[in-house]
Amino acid sequence: MNILLRLTAFYWSISLRLSCPMNLKLFPLDRQTCSIVMVSYGYTTEDLIFKWKEDDPVQVVKNLHLPRFALEKYDTAYCSSKTNT
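Mature numbering (1 follows the signal peptide of the UniProt record, and there is no 0) puts the sequence shown at residues -19 to -1, 1 to 66.
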């Protein structure tokens, strides 16, 4: 009996430069929320899983200087969904 086993492991580090459009009509009396969602429509979870680093998953430029703006917090999470192919 022949059995096909697919044992492929790839580990990539991804660096992204991200931006978000902001509505500044109420600036400086407002807060902005920027949601970044990473998805793969070309692969299933059997082929590809995005995993956050356990330690320090998000790294912000150390000398980030945005006058009158402050990065208050960031959050990481996992999710999955079913889509039609």
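Glycine included, each C-beta is placed from N, C-alpha and C at the ideal position.
| Item | Value |
| --- | --- |
| Tell me the rounded alpha-carbon separation between D28 and T57. | 22 Å |
| Quick test of your reading: Y55 and V42, contact by CB under 8 Å. State the CB separation rounded to the nearest angstrom. | Between V42 and Y55 the Cβ distance is about 13 Å, and since that is not below 8 Å, they are no contact. |
| Let me make sure I understand the geometry here. Which of Y24, N4, K34 has the alpha-carbon closest to that of S(-5)? | K34 |
| Would you mind working out which of K32, C1, W(-8), A51 sits nearest S16, comparing C-alpha positions? | C1 |
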